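Participant: First the structure, then my questions, so here it is.
There are 2 protein chains.
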Amino acid sequence: MREITSDDLGDIARGAAILGTGGGGDPYIGRLLALSAVRSHGSVPLVPLSEVPDDAVVLPVAMMGAPTVMVEKLPSAEQVGLAARTLAAYLGKELTHIACAEAGGVNSLIPVVAAAQLGLPLVDADGMGRAFPELQMVLPTLYGIRATPMSIADEKGNRGVLDTVDNRWAERLARSATIDMGCSAMISNYAMSGTQARESLVPGTLSLCAELGALVRAARSENADPVERVVSRLGGRRLFSGKVVDVARRTVTGFARGEARLSGMDGDEGAELVLRFQNEHLVAERDGVVEASVPDLICTLERETGEAVTTEGLRFGQRVTVIAAPADPRWHTPEGIALAGPRYFGYDIDPIGVAG
Amino acid sequence: MREITSDDLGDIARGAAILGTGGGGDPYIGRLLALSAVRSHGSVPLVPLSEVPDDAVVLPVAMMGAPTVMVEKLPSAEQVGLAARTLAAYLGKELTHIACAEAGGVNSLIPVVAAAQLGLPLVDADGMGRAFPELQMVLPTLYGIRATPMSIADEKGNRGVLDTVDNRWAERLARSATIDMGCSAMISNYAMSGTQARESLVPGTLSLCAELGALVRAARSENADPVERVVSRLGGRRLFSGKVVDVARRTVTGFARGEARLSGMDGDEGAELVLRFQNEHLVAERDGVVEASVPDLICTLERETGEAVTTEGLRFGQRVTVIAAPADPRWHTPEGIALAGPRYFGYDIDPIGVAG
Chain A
16 MREITSDDLG DIARGAAILG TGGGGDPYIG RLLALSAVRS HGSVPLVPLS EVPDDAVVLP
76 VAMMGAPTVM VEKLPSAEQV GLAARTLAAY LGKELTHIAC AEAGGVNSLI PVVAAAQLGL
136 PLVDADGMGR AFPELQMVLP TLYGIRATPM SIADEKGNRG VLDTVDNRWA ERLARSATID
196 MGCSAMISNY AMSGTQARES LVPGTLSLCA ELGALVRAAR SENADPVERV VSRLGGRRLF
256 SGKVVDVARR TVTGFARGEA RLSGMDGDEG AELVLRFQNE HLVAERDGVV EASVPDLICT
316 LERETGEAVT TEGLRFGQRV TVIAAPADPR WHTPEGIALA GPRYFGYDID PIGVAG
Chain B
16 MREITSDDLG DIARGAAILG TGGGGDPYIG RLLALSAVRS HGSVPLVPLS EVPDDAVVLP
76 VAMMGAPTVM VEKLPSAEQV GLAARTLAAY LGKELTHIAC AEAGGVNSLI PVVAAAQLGL
136 PLVDADGMGR AFPELQMVLP TLYGIRATPM SIADEKGNRG VLDTVDNRWA ERLARSATID
196 MGCSAMISNY AMSGTQARES LVPGTLSLCA ELGALVRAAR SENADPVERV VSRLGGRRLF
256 SGKVVDVARR TVTGFARGEA RLSGMDGDEG AELVLRFQNE HLVAERDGVV EASVPDLICT
316 LERETGEAVT TEGLRFGQRV TVIAAPADPR WHTPEGIALA GPRYFGYDID PIGVAG
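Protein sequences appear in the order of chains A and B. Quick note: the first sequence uses our numbering, first residue 16, plus one each step. Quick note: the second sequence uses our numbering, first residue 16, plus one each step.
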């Protein structure tokens, strides 16, 4: 895939929602936004990470906020451009490439909107290989790349630039602004050179999203098991199949926090799985025992269709299969675990990965 | 007074604290900060408002936050310069003058620090002729002058620029950032031309502060009543003399909110006065009847010395005289009352002014 056309958007959104591990935004909304932008401005060139020139000026663009809000308060197209243009003006630099901060149903597609609007190529990569809830949780943080100067913009036309002493402070100040802006905002941060992008980003994420999306679609048309194909492609494992019997969800401190309870079926009869999330799934506990945790991916897929179910989309009675898949190995370094491991989120355990 | 030297700072701080109506910061801290800056950088030229050229670039600088916090978490000198430099860079303009946003023990002196550091003249004026708690509450708002682009900076080195659709949004976003920054931050906003400054600012405020400070000092050395002289100079009236018998104070939503109860003496025996404040005094109720309210000034002075008592400085047992003084007439227009009258602060009454 060397360019993203309107035909690719469905698969990318579907695959991105899987890697979003419950967060990263609703793929239906992401696809609609990108479709409108590509129809207005044309296809978006997709550049492999390895081909980004050293002196490129790469700008990630993303939505920040609670996914529960984003499904009702849709971002405006102007807002995407506003965030990128505000940061470019502050930096006083000419942008050359747009990038994805994370994989997710909205956050893999917002950069397509930005690239289409600004007439720039998009880098086939992202900042984490999944979605995480806080903005310092990207691999570039591990490489000492600063989140700021960063821009933030809302749909009303309010915007700001933050320049902070570290990436945790960027998260803190941007989160408060996001809450004021109605719990969702457009951000652009981690502006970086091509050299930095090649070093710190996860290569091929958009291609992987498109591949996952296509694979799920193909399995369905072949009457094969889409979940099994996703597990196999990601090198993951099936954790649990069951029916959603309870979801407790609250939008606090700008996040969608909560937990879902699943009652087992298909070999998991009699067992219960609890998923705890902060925008994204953080831990999966089977009968009180943690079976998988961040930084590895915990994904909830509809049992029949293989479509990802976001944490805000979890509903009583849904039949889902929960899978775990390995995160980029850099997340398993001591620095990666300190940044986004279970203890950061308040679970006093070592990370429990795909091997169980 | 055509320049501010270290000898003037005591009187300016003392007078500014009176006009601060309980807010605007502690005059002791304001004086110390300015003294250090003037000693390092020399005296600050003071320019009458009428002499500011049309094309001047005038930048107000102030502390934002809860005065209760500012007395313990002192602003750093670097922070003052950081706020002004950050905004100047964003505007891409060469600054020509510094100005005061409000009158107050800290906020009349912080601009002296900024002017000394940046080697710029200070305009003898301020944005309201008193202190008010929220940043849209300045006369420039009535003239359609935008609060933003504005900068905000903390003592750790975090900084930001906000560019909002109106001045209320500037208040909202800056207040959240201030809270994150520890409930006090340095801001620079309402950048304006000389023409705008002459139209919208209150002329002569720093001279008035110095005059009030000197007059209180002189009354003491002459064994005269300093409170009476302040009342006479401001064209105000004495509301109540009494002893502080109760202070309820809480730091919420980034403000020092609360109320003080005074038990009458010196002719007010048997009566009670309640002062309700949000950083600044908002209303004074005598035996349940509002005797004075915003937008007019309600000032609490030590009965013997005439020194202003800030709302965070109110203590059980203090003997104080409460006075009211008229605000700039523009605060009494319908637009002024809508911006900072009693109803904005939740009191369902028309403004009650100095005439009672």
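All C-beta atoms in this analysis are idealised placements derived from N, C-alpha and C, irrespective of residue type, glycine included. All values derive from a computational prediction rather than experimental measurement.
If you follow the alpha helix (DSSP H) that A:Arg183 is part of, which residue opens it and which one closes it?
Facilitator: Where A:Arg183 is concerned, the enclosing alpha helix (DSSP H) stretches over 182-195.
Participant: Does A:Pro8 pass the burial test, meaning 16 or more other C-beta atoms within 10 Å, or should it be called exposed?
Facilitator: Here chain A comprises residues numbered 16 to 371, so residue 8 of chain A is not present and cannot be evaluated.
Participant: Please decide whether A:Arg161 counts as near chain B, where near means a Cβ-Cβ distance under 8 Å.
Facilitator: So, not an interface residue.
Participant: Going by DSSP in three states, B:Arg145 sits in which element: helix, strand or coil?
Facilitator: Reduced to three states, the DSSP call for B:Arg145 is coil.
Participant: Measuring only the C-alpha atoms, how far is A:Met16 from A:Leu97?
Facilitator: Spanning the two alpha carbons is a distance of roughly 28 Å.
Participant: Which residues, taken in chain order from the region 244-260 of chain B, show a beta carbon closer than 7 Å to some beta carbon of chain A?
Facilitator: The residues in question: there are none.
Participant: Using a threshold of 7 Å, is the CB atom of A:Val62 nearer than that to any non-hydrogen atom of the ligand COA?
Facilitator: With respect to small molecules bound, the structure shown includes none, and the ligand COA cannot be examined in it.
Participant: Contact defined as beta carbons within less than 8 Å: I believe A:Leu133 pairs with A:Leu110. What is the distance between those atoms, to the nearest angstrom?
Facilitator: Their Cβ separation, rounded to whole angstroms, is 7 Å, which keeps A:Leu133 and A:Leu110 in contact under 8 Å.
Participant: Counting only beta-carbon atoms, is B:Ser58 nearer than 8 Å to chain A?
Facilitator: No, no contact with chain A.
Participant: Please list, in chain order, the residues of the region 87-101 of chain B that have any C-beta partner in chain A closer than 9 Å.
Facilitator: Listed by position along the chain: Thr101.
Participant: May I ask you to report which of helix, strand or coil DSSP gives B:Thr36?
Facilitator: Coil at B:Thr36, not helix or strand.
Participant: May I ask you to verify whether the region 203-210 of chain A touches the region 66-86 of chain A, counting CB pairs closer than 8 Å and requiring at least 3?
Facilitator: Flag = yes, the region 203-210 of chain A and the region 66-86 of chain A touch.
Participant: Just grab the DSSP bridge partners of A:Arg253 for me.
Facilitator: Partner(s): A:Ile338.
Participant: Please decide whether A:Lys108 counts as near chain B, where near means a Cβ-Cβ distance under 8 Å.
Facilitator: No, because no Cβ of chain B sits closer than 8 Å to the Cβ of A:Lys108.
Participant: Could you name the residues that DSSP lists as bridge partners for A:Pro60?
Facilitator: According to DSSP, which records beta bridges pairwise, A:Pro60 is partnered with A:Glu18.
Participant: Could you list which residues in chain D have their beta carbon closer than 9 Å to that of B:Ser191, in chain order?
Facilitator: In the displayed structure, chain D is absent; the protein chains listed are A and B.
Participant: Give me, in chain order, the residues of the same chain whose beta-carbon lies closer than 6 Å to that of B:Gly371; leave out the 5 immediate sequence neighbours on both sides.
Facilitator: Residue placement at B:Gly371 cannot be trusted, given a pLDDT of 47 that sits under 50; the coordinates are not used to answer.
Participant: To be precise: take each residue of the region 154-185 of chain A, compare its Cβ to all Cβ atoms of chain B, and keep it if any distance is under 8 Å. Which residues remain?
Facilitator: Flagged, chain order: Lys171, Gly172, Asn173, Arg174, Gly175, Val176, Leu177, Asp178, Thr179, Val180, Trp184.
Participant: Within its chain, find whatever has a CB closer than 7 Å to the CB of A:Gly351; leave out the 5 residues flanking it on each side and keep chain order.
Facilitator: For A:Gly351, where only same-chain residues beyond five positions count, the Cβ hits under 7 Å are Leu157, Pro310, Arg345.
Participant: Can you tell me whether B:Met201 is helix, strand or coil according to DSSP?
Facilitator: The answer is strand: DSSP assigns B:Met201 an E or B state.
Participant: Measuring alpha carbon to alpha carbon, tell me which residue in A:Leu329, A:Glu327, A:Arg291, A:Leu188 is nearest A:Leu312.
Facilitator: Closest by alpha carbon: A:Arg291.
Participant: Relative to the alpha-carbon of B:His56, which residue among B:Ala92, B:Asn122, B:Pro357 has its alpha-carbon at the smallest distance?
Facilitator: Closest option to B:His56, Cα to Cα, is B:Ala92.
Participant: Going by DSSP, which residues form a beta bridge with B:His296?
Facilitator: Answer is B:Phe292, bridged to B:His296.
Participant: Would A:Ile364 be called buried (16 or more neighbouring beta carbons within 10 Å of its own) or exposed?
Facilitator: Exposed, by the Cβ-count rule.
Participant: Run through DSSP, which three-state label would A:Gly371 get?
Facilitator: Reliability of the predicted coordinates at A:Gly371 is poor, the pLDDT of 47 falling under 50, and the value obtained from them is presented with this limitation in mind. Coil at A:Gly371, not helix or strand.
Participant: Classify A:Phe147: buried if its beta carbon has 16 or more other beta carbons within 10 angstroms, exposed otherwise.
Facilitator: Per the 10 Å Cβ criterion, buried.
Participant: Verify whether the separation of the beta carbon atoms of A:Tyr105 and A:Ser51 is less than 8 Å.
Facilitator: No, the pair does not count as a contact, with Cβ atoms beyond the cut-off.
Participant: Report the three-state DSSP secondary structure of A:Asp261 (helix, strand or coil).
Facilitator: Looking at A:Asp261 - three-state DSSP - the assignment turns out to be strand.
Participant: Mapping DSSP to helix, strand and coil, what is B:Val245?
Facilitator: Here B:Val245 sits in helix by DSSP.
Participant: Please go through the same chain and pick out, in chain order, the residues whose beta-carbon is closer than 7 Å to the beta-carbon of B:Glu18, but skip the five residues on each side of it.
Facilitator: Closer than 7 Å at the Cβ level, and outside the excluded window around B:Glu18, lie Ser58, Val59, Pro60, Leu61.
Participant: Looking at the strands, I want to know which residues DSSP matches up with B:Val176.
Facilitator: In the DSSP output, where bridge partners are listed per residue, B:Val176 has A:Val176, B:Ser166.
Participant: Just tell me which of A:Val369, A:Phe360, A:Ala355 has its CA closest to the CA of A:Gln151.
Facilitator: Answer by Cα proximity: A:Ala355.
Participant: At what residues does the beta strand (DSSP E) containing A:Pro75 begin and finish?
Facilitator: Taken as a continuous stretch (DSSP letters only), the beta strand (DSSP E) holding A:Pro75 covers 72-80.
Participant: Please name the residue, chosen from B:Asn173, B:Ile113, B:Tyr43, that lies closest to B:Ala99 on a Cα-to-Cα basis.
Facilitator: B:Ala99 has its Cα closest to that of B:Ile113, out of B:Asn173, B:Ile113, B:Tyr43.
Participant: Once you ignore the five residues that flank B:Leu24 on each side, which residues in its own chain have a CB closer than 6 Å to its CB?
Facilitator: Hits under 6 Å: Arg46, Ala49, Leu50.
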